[in-house]
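Chemist: In the working numbering, the protein residues as written are 1114 to 1558.
(1) Going by alpha carbons, who is nearest to residue 1207 out of 1228, 1199 and 1185?
(2) Unbroken beta strand (DSSP E) runs of length 3 or more, entirely within the segment 1400–1449: which are they?
(3) Less than 8 angstroms between C-beta atoms, sequence neighbours within five positions excluded: which residues of the same chain meet that for residue 1295?
(4) Would you check if the segment 1123–1137 and the segment 1147–1161 touch, i.e. whether three or more CB-CB distances between them fall below 8 angstroms?
(5) With distances taken between CB atoms, is the gap from residue 1440 to residue 1530 smaller than 8 angstroms?
(6) If you reduce the DSSP assignment to three classes, tell me which class residue 1545 lands in.
(7) Taking a contact to mean a Cβ-Cβ separation below 8 angstroms, would you say residue 1291 touches residue 1260 in this structure?
(8) As a quick exercise: from 1526, 1311 and 1345, pick the residue whose alpha carbon is nearest that of residue 1430.
(9) What separation, rounded to the nearest whole angstrom, lies between the Cα atoms of residue 1469 and residue 1463?
(10) Ignoring anything shorter than 3 residues or poking outside the segment 1452–1529, list the beta strand (DSSP E) runs there in chain order.
(11) Have a look at the DSSP bridge pairing and note the partners of residue 1342.
(12) Just list the beta strand (DSSP E) runs in the segment 1117–1195, keeping only unbroken ones of 3 residues or longer that don't cross its boundaries, in chain order.
(13) Nearest to residue 1191 by CA position, among 1445, 1518, 1210 and 1178, is which residue?
(14) Kindly list the residues whose CB is nearer than 7 angstroms to the CB of residue 1136, restricted to its own chain and excluding five residues on each side of it in sequence; keep chain order.
(15) Roughly how many angstroms separate the alpha carbons of residue 1515 and residue 1492, rounded to a whole number?
(16) Once DSSP output is grouped into helix, strand and coil, what is the label at residue 1558?
(17) Distance, Cα to Cα, residue 1293 vs residue 1370?
(18) Nearest by alpha-carbon distance to residue 1345: which of 1467, 1359, 1362 and 1397 is it?
(19) Whole angstroms is fine: what's the gap from residue 1528's alpha carbon to residue 1494's?
(20) How many Å lie between residue 1539 and residue 1545 at the Cα?
(21) So, does the segment 1196–1205 touch the segment 1260–1277, judging by three or more C-beta pairs under 8 angstroms?
(22) Going along the chain, which residues of its own chain have a beta-carbon closer than 7 angstroms to the beta-carbon of residue 1422, five neighbours each way excluded?
(23) Does the distance from the CB of residue 1486 to the CB of residue 1507 come in under 8 angstroms?
(24) According to DSSP, simplified to helix, strand and coil, what is residue 1224?
(25) Looking only at DSSP bridge pairs, what is residue 1294 linked to?
(26) Fully enclosed by the segment 1304–1383, which beta strand (DSSP E) runs are 3 residues long or longer?
(27) Using beta-carbon positions only, say whether residue 1472 and residue 1447 come within less than 8 angstroms of one another.
(28) DSSP beta-bridge partners for residue 1254?
(29) Do the segment 1237–1244 and the segment 1404–1413 make contact, defined as three or more Cβ pairs closer than 8 angstroms?
(30) Can you give me the Cβ contacts of residue 1444 inside the same chain, cut-off strictly under 6 angstroms, excluding the 5 residues immediately before and after it?
(31) So, with DSSP's three-state summary, where would you put residue 1286?
(32) For a quick check, are the C-beta atoms of residue 1386 and residue 1374 less than 8 angstroms apart?
(33) What is the rounded straight-line gap between the Cα of residue 1176 and the Cα of residue 1170?
(34) Please identify the residue among 1376, 1275, 1399 and 1218 whose C-alpha is closest to the C-alpha of residue 1564.
(35) Applying the criterion that 16 or more other CB atoms from any shown protein chain within 10 Å of the CB defines a buried residue, is residue 1336 buried or exposed?
(36) Starting from residue 1215, trace the alpha helix (DSSP H) in both directions and tell me its first and last residue.
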């Protein structure tokens, strides 16, 4: 027998970071051998990996697929265009995500939440709704703890997973008890081959689901859920029986289920119309998961939202400063703009990921006082705005906030809604939002 034939099959883990380390812990618990690879010569987490799997082979920089590999476990940040993944598919090797491994091993049911925008908010709302209803629940995936780390805990009543398009594309079986797709707008076109592929990847969240929540404003969504027996829709229009939407009575707008008024939107702790949609989606998913309405409404009255998502920072000299650093694409930034009453001084820019900024320009029509742009795609945003309002370029966030404050007039809002990723100037969107908040606080000195 040849040496190659006698070598036991291995997994090949492509990409380190938090997901890669969770995969390492999963493989170690299951006594599975693996080779780990990262394109970076000194990737973050390399020391932690060597503590988890001290005997594992680790390849850095450039590498070839070892001959004994039978399965690739790819981290979400690794695009399908990566040469090793292309070679793996030509060799008919299985390529999976961490979510595929989770779905195979999870003993408790799970809710799967995806969408271009709002998925972190809805995932967190559902977590608190389950807790308020007395369930033992874990939340994770693309938000918080990696999904595979959740399996190293006692089995709960329910999991709530936020899923990215990257994770969905590499997951062949996803038998969620409830699948939720909030919305789809062009994003991650630097990772996906085109917008059509991105949309198809989002819709696949429904394929093996037992029940589904879909957005009525998406004309295509129903085609992907009609094979299911249990479906509930949500939208910002008036809902039909059994579905969720908005109703107005005596001048007051309510979250509603069919004709039943549930909660005045003024009683929502969350800010903005896009968060009204998020609340309705969470109610629909909670109903399908068996949660009681009072527990869910309690959470909607108390949960103020996640950091860096339309987060009020301060009011200085009659100007509001709002941090929506999580608005990393055009649709999210446009929703941020739509949620603000009055005139806006916009701070935007970063890495546009091939986005078309014309929709942002439309959202700003008749609302823009001035724009302050920074980062790699600042010039592209300026070209799309085509506005009579002044546009300035900033060198960093401190400079951007100072320029924005100088432009703002009484009762204006200085809004950080970048419409771009952060990694040209910041470690992540959290660091960008923190820099914005710190710069705002410095205005008081």
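Don't be surprised by glycine CBs; every beta carbon is placed ideally from N, CA and C.
Modeler: Reading it off the structure:
(1) Taking only the C-alpha atoms, the option nearest residue 1207 is 1185.
(2) List check, beta strand (DSSP E) in window: 1424–1429 and 1432–1436.
(3) Contacts found: 1226, 1227, 1228, 1229, 1230, 1231, 1232, 1235, 1328, 1390, 1391 and 1394.
(4) Touching, per the Cβ criterion.
(5) Taking 8 angstroms as the Cβ cut-off, residue 1440 and residue 1530 qualify as a contacting pair.
(6) Helix at residue 1545.
(7) Result no, Cβ atoms of residue 1291 and residue 1260 do not sit closer than 8 angstroms.
(8) Taking only the C-alpha atoms, the option nearest residue 1430 is 1526.
(9) Cα-Cα distance, rounded: 14 angstroms.
(10) The beta strand (DSSP E) runs of length 3 or more contained entirely in the segment 1452–1529 are, from start to end of the chain, 1457–1461, 1481–1486, 1504–1506 and 1526–1529.
(11) DSSP lists no partner for residue 1342.
(12) The qualifying runs are 1123–1127, 1147–1151, 1170–1173 and 1182–1187.
(13) Nearest to residue 1191 by C-alpha distance, out of 1445, 1518, 1210 and 1178, is 1210.
(14) Closer than 7 angstroms at Cβ, skipping near neighbours: 1126, 1186, 1211 and 1261.
(15) C-alpha separation (whole angstroms): 20 angstroms.
(16) Residue 1558 falls in the coil class under three-state DSSP.
(17) Straight-line Cα distance between these residues: approximately 17 angstroms.
(18) Residue nearest to residue 1345 within the set 1467, 1359, 1362 and 1397 is 1397 (criterion: CA-CA distance).
(19) Using only the alpha carbons, I get a separation of about 15 angstroms.
(20) Cα-Cα distance, rounded: 6 angstroms.
(21) The answer is no - the segment 1260–1277 does not touch the segment 1196–1205, with fewer than three Cβ pairs under 8 angstroms.
(22) Beyond the five residues adjoining it in sequence on each side, residue 1422 comes within less than 7 angstroms, by CB distance, of 1234, 1437 and 1439 in the same chain, given in chain order.
(23) Between residue 1486 and residue 1507, the CB-CB gap stays under 8 angstroms.
(24) Looking at residue 1224 - three-state DSSP - the assignment turns out to be strand.
(25) Its beta-bridge partners are 1227.
(26) Complete beta strand (DSSP E) runs here, min 3: 1324–1328, 1343–1347, 1357–1362, 1365–1370 and 1373–1377.
(27) Going by C-beta atoms, residue 1472 is nearer than 8 angstroms to residue 1447.
(28) Paired residue(s): 1275.
(29) With the cut-off at 8 angstroms, the segment 1237–1244 and the segment 1404–1413 touch.
(30) Closer than 6 angstroms at Cβ, skipping near neighbours: 1229, 1230 and 1298.
(31) DSSP places residue 1286 in coil when its eight states are reduced to three.
(32) Cβ atoms of residue 1386 and residue 1374: not closer than 8 angstroms.
(33) Their backbone Cα atoms lie some 12 angstroms apart in a straight line.
(34) No answer is possible for residue 1564: it lies beyond the span of the chain, which begins at 1114 and ends at 1558.
(35) Counting Cβ neighbours within 10 Å, residue 1336 comes out exposed, since fewer than 16 surround it.
(36) Residue 1215 -> alpha helix (DSSP H) spans 1211–1218.
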